[in-house]
Every structure is written in C-alpha cells, then in structure tokens.
C-alpha cells in the first residue's frame, strides 16, 4: 500500500456528490479515498464491513448533515443506538484514527431533499413523520455531542466552502502522510528481520519433520523397503526445503498489503518468535471465531446480492407470463450463474422449465423436464427438510 487511505463518511442519500468531491480532492493530494455506500435497503449488519474498511485506513473525514441515515439492526454494545454513519466516526475515534468533522450548512447541496430523508422504507408505515422526527432528533443529539466533547470541527457554509475546508486540511493530512511513511519504513525494516526469523523456524521444523521420517523409514522390514522409504523421505525433504524461501517471503508480501488481520499479524509474530508449532496452535484456537465471522459476512453479502437481483428475477417471471420464453430463460440463467443456491430462483426456473417442456417439441420438451427434475433434486439437497423446512416444502 503506497498511499495512506482516508475513509470518507457521510449519509449516502444526503451527500453522495459532496463525498465524491472530497474523494477527488484526496486523490489529487495523493491519498486513497475509501467509503461504503449505505442506503438502508441492505440486508444484514454492515458494521463488520465498516470495521474492516476503517481498520485499513489512517484517518476519517466525516461530512455531517441533518440526515441520520440507515442504522444497524441492533443497538451497538459500545455506542448505543447509532446510525451507520455515526458508528463510522465513533469507531474510528475509538481506534485512535485521525478524524475530521465537517458540518455542512443549509446552503450545501443535498442529493435528496431534507424532507425526503430518514423516511421508512415501508410505504404503509403508520406515521412516517414521527419516524423521521425520531431520527432527526438522534442526529441533532449526535451533532450537539460532537460540539461538546472537544473534537475540532469545521463548518462549511456552501459547496465551495466545503471543498476549501478539505483543501485546507492539506497540512494536517501531510502529518498523516509522514506518520504513514514512518510506519511503512518501520514495517519494512521489521519485515526483513521477521522474514529471516520465520525462515529459520521453517527450516528447523522441516529438519525435525525430516528426522522423524528417517526414523520411521529405518523401522521398515527388509532393506528394500527401508531404501525406498529413505529415498522418499530425502525427496520430500528436498522439495520442502525448496519451498521454504517462497513460503517465508509470502508472509512478508501479505504483511505489506491491506490484507492482513489482527489474527494474521499475531500469527506472524508468534511464528517469528516461537516457531511453527505455536503459530499453528494459536490459529487453531482462533479458528472457530474466524469461521463464524466469515460465515456471517457471507450471509450478509448473499442477502444483499439477492435483494439486488430480485427485480431481475421478477422480470424473468413477467417475461414468461407475457409469453417471451427466450428472454425469460436468458434472465433466469444469468441470475442462476450468479446465485446458484438461491431456492426462490431455482423453484421459479423449475416452474418455467416444466411449463415450457409441456408446450414445445417433444424431444426439446423432455430435455427441459429432465433439467427441471435435476434442479429440483439439487434444491432439495441444498435445503434438507430438517434444516430448511419451508424451502424444502416449496420445492416439493
């Protein structure tokens, strides 16, 4: 990573264009802008996505307006009830990141009129005005608290003033760059030492493994078997040694990117200081938490993808209803290629194939019906009755 990263935070429907202007200024000044689009229609909890992005950044600039924005599905254990945008700032500050607040005045351009912000997604919601007023009060309280807690903030009276405020952060951003470059040099120096230590531990582990293999080979019955096992052990050891430099260097290469996590950093530290066995023991201890975290993120991503694809699925069904089978099938198959495990899609495609199979030429129709059966069988395998009774019943 050759450029320091700065997270640009705002309520997306309110200041998307302003955020783009800030991002353009940061890019021109030699920084990498990072942000997360949030509109309130996403499924799942985005806080871990935000943590990961912010952890990889050196600082955060937040454009503060009157909009509250979307909020997580549960109250945050550390910050109470907050919107995602408020969470971005509070989490960054808690992580000791350099943070800047720019409060946008009434003359700053909003992408969405204020009266249309912070309304419920459900058009049938009983009292939209009350829903909006509650969130505006939460945002006002957040702004008041930021002004009281001693954090430096800038007030932008207009779009031009907002851009100038960011331009004037050049010197402060320069401090961020110098700190980043010093950190980068320190990391590179440390990586050189660490890589050599890792290489030494890998060689030690390889030699230990080799001696065990040789000892096992000498226990074999018959000289021919012993010779064969000894040669195999030597060949395996030679191959293992040839890969050690590449493996040791790969740790340093990963460490020099934005990819490593806290667990990876600790694994690398243990590997360099205590050796292979202790590094493996540590990762084994962390394994359950890593898998659960990745599973939760995968579920959230999958739900967001399916929400985005839902209009295409419904379009495919509408094309089928108005007797445009080619267009319908093309859409069905495009979606299936992206979300092959989506039960709702698979069941809709099965119904389409059955209907087509009954009206087209027999040979082609039989092929459609056979494919429908295969998809049904696959869907049942994806959704066993005991795990997903509703999906299983729909497929049946």
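Numbering (the working numbering), first residue to last: 404 to 799.
Just so you know, even glycine gets a beta-carbon here, dropped at the ideal spot from N, CA and C.
By the beta-carbon neighbour count (other beta carbons within 10 angstroms, threshold 16), residue 598 is buried.
In the three-state scheme derived from DSSP, where H, G and I count as helix and E and B as strand, residue 489 is classed as helix. Residue 411: member of the beta strand (DSSP E) spanning 408–412, first to last residue. Separation of the CB atoms of residue 775 and residue 757 is rounded to 5 Å, and the pair is thereby assigned contact status at 8 Å. Taking 8 Å as the cut-off, the Cβ atoms of residue 449 and residue 457 do not count as close. When only Cα atoms are considered, residue 680 and residue 487 end up about 41 Å apart. DSSP lists 410 as the bridge partner or partners of residue 437. Nearest to residue 724 by alpha-carbon distance, out of 691, 751, 604 and 516, is 751.
Between the alpha carbons of residue 623 and residue 629 lies a distance of about 5 Å. If you check the CB distance, residue 435 and residue 469 do not come in under 8 Å. DSSP places residue 502 outside any alpha helix (DSSP H); the residue lies instead in the beta strand (DSSP E), whose first and last residues are 501–507.
When C-alpha distances from residue 489 are compared across 570, 764, 547 and 778, the shortest belongs to 547. According to the DSSP assignment, residue 556 belongs to the beta strand (DSSP E) that extends over 556–559. By the 16-neighbour rule on beta-carbons within 10 angstroms, residue 472 is buried. With a 10 Å radius around the Cβ and a threshold of 16 neighbouring Cβ atoms, residue 502 comes out buried. Nearest to residue 460 by C-alpha distance, out of 480, 412 and 447, is 412. A Cβ-Cβ distance of about 11 Å is found for the pair residue 447 and residue 709, leaving them out of contact under the 8 Å criterion. Counting C-beta pairs with one atom in each stretch, the segment 737–748 and the segment 758–768 have fewer than three that are closer than 8 Å, which means they do not touch. Where residue 683 is concerned, the enclosing alpha helix (DSSP H) starts and stops at 679–724. Counting along the chain, residue 542 sits inside the alpha helix (DSSP H) bounded by residues 531–551.
For the 8 Å CB-CB criterion, residue 513 and residue 417 form a contact. Judged by DSSP secondary structure, residue 763 falls outside any alpha helix (DSSP H); it is assigned neither H nor E. Going by DSSP, residue 567 is part of the alpha helix (DSSP H) stretching over 562–570. Minimum Cα-Cα distance from residue 511 among the listed residues 753, 423, 559 and 553 corresponds to 559.
Of the other Cβ atoms in all chains shown, 16 or more fall within 10 Å of the Cβ of residue 409; this residue is therefore buried. Separation of residue 714 and residue 535 (C-alpha to C-alpha, rounded to the nearest whole angstrom) is 27 Å. According to the DSSP secondary-structure assignment, residue 463 is paired through a beta bridge with 410 and 502. In this structure, residue 605 places its C-beta atom within 8 Å of the C-beta atom of residue 650. Annotation: the continuous alpha helix (DSSP H) that includes residue 732 extends over 728–741. Distance from the CA atom of residue 507 to the CA atom of residue 475, rounded to whole angstroms, is 24 Å. When the Cα atoms are used, residue 667 and residue 569 turn out to be separated by approximately 35 Å.
Taken through DSSP and simplified to helix, strand or coil, residue 574 comes out as helix. Take residue 608, set aside five residues on each side of it, and the residues of its chain with a beta-carbon closer than 6 Å to its own are 679, in chain order. Around the CB of residue 601, 16 or more other CB atoms lie within 10 Å, so the residue is classed as buried. Nearest in C-alpha terms to residue 640, of all of 610, 533 and 632, is 610.
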